[in-house]
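Residue numbers (this note's numbering): 1131 to 1370. To start, the structure itself, in structure tokens.
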């Protein structure tokens, strides 16, 4: 009689879990490992996959751009397009540089102890990002407000935090939440409010082609979410 190997037993037990400690432990460990790998990829930490150098990325992207131009019916070798693949690759690398940045990088320790407990608002910050659905731009303004809880952050750092997440493939809804959550994590304020108003070129240049349409999203945390008066004060300031 052929005996079943221990590996097969473990796999079968995992597939038909009966709630035993051994099975749960195996499943839990596997989930943690998968989560760790995802975090490594998102944070840019070198994982099992080879991390490409800038030159390798540029070579792949320029080659891809030439293919795209050919599929469009263009001739990549003509004078006006000779350097287009390289320019396009460099531009796209710049527009998505947020993947290589963290909030800690851009705040650069510009967080200070201060007992100010009134609202701080920086409004009309220019913001530019790429829609992840069509890789077309959406541009507009972001307004950020917070009430300190013993810590304040350099005013320019609010704009830089917004930039970190905007320079990635995005949807406006997620971008709004990521900015708000990053500020909460950085200084643990009493509350945070973020409002973004943008025009999306996927609605302007294609599809419904409505150039006058704008999209407004908001993200409220802490007292901005719980206290209607605080929220109303914030909106009155950014709408002046």
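For glycine and all other residues, C-beta sits at the position ideal for the given N, C-alpha and C.
So what does residue 1352 bridge to, in DSSP terms?
-> 1321, per the DSSP bridge assignment.
Chain-order list of residues whose beta-carbon lies under 6 angstroms from that of residue 1274 (same chain, five-residue window excluded) = Once the five neighbours on either side are set aside, the close Cβ partners of residue 1274 are 1252, 1288 and 1324.
With a 10 Å radius around its C-beta and 16 neighbouring C-beta atoms as the bar for buried, classify residue 1210 as buried or exposed.
-> Exposed, since its Cβ has fewer than 16 Cβ neighbours within 10 Å.
Any idea what DSSP makes of residue 1266, helix, strand or coil?
-> Secondary structure at residue 1266: coil, using DSSP grouped into helix, strand and coil.
Which of helix, strand or coil does DSSP assign to residue 1290?
-> The three-state reading of DSSP puts residue 1290 in helix, counting H, G and I together.
Bridge-paired residues (DSSP) for residue 1300 = Beta-bridge pairing links residue 1300 to 1261.
Ignoring anything shorter than 4 residues or poking outside the region 1208-1284, list the alpha helix (DSSP H) runs there in chain order.
-> Taking only runs of at least 4 residues, the alpha helix (DSSP H) segments lying wholly in the region 1208-1284 are 1214-1225 and 1233-1237.
Residue 1192 in three-state terms, based on DSSP = In the structure shown, residue 1192 falls within a helical segment according to DSSP collapsed to helix, strand and coil.
Compare the C-beta of residue 1286 against all C-beta atoms of chain C and say whether one is closer than 9 angstroms.
-> Absent from the structure: chain C. Only one protein chain is present.
Give the DSSP bridge partners of residue 1346, in chain order.
-> Bridge partners of residue 1346: 1327.
Going straight from the alpha carbon of residue 1250 to that of residue 1225, what length do you get?
-> When rounded, the distance between both Cα atoms is 29 angstroms.
How about residue 1207 and residue 1268: are their beta carbons less than 9 angstroms apart?
-> Taking C-beta atoms as the reference points, residue 1207 and residue 1268 fail to come closer than 9 angstroms.
List the whole-angstrom C-beta distance separating residue 1219 from residue 1188, where the pair is believed to meet the contact cut-off of C-beta under 8 angstroms.
-> About 5 angstroms separates the two Cβ atoms, so the contact holds.
Mind the definition here: the region 1342-1358 touches the region 1309-1324 only if three or more C-beta pairs lie below 8 angstroms; say whether that holds.
-> A contact between stretches requires three or more CB pairs, one per stretch, nearer than 8 angstroms, and the region 1342-1358 meets this requirement with the region 1309-1324.
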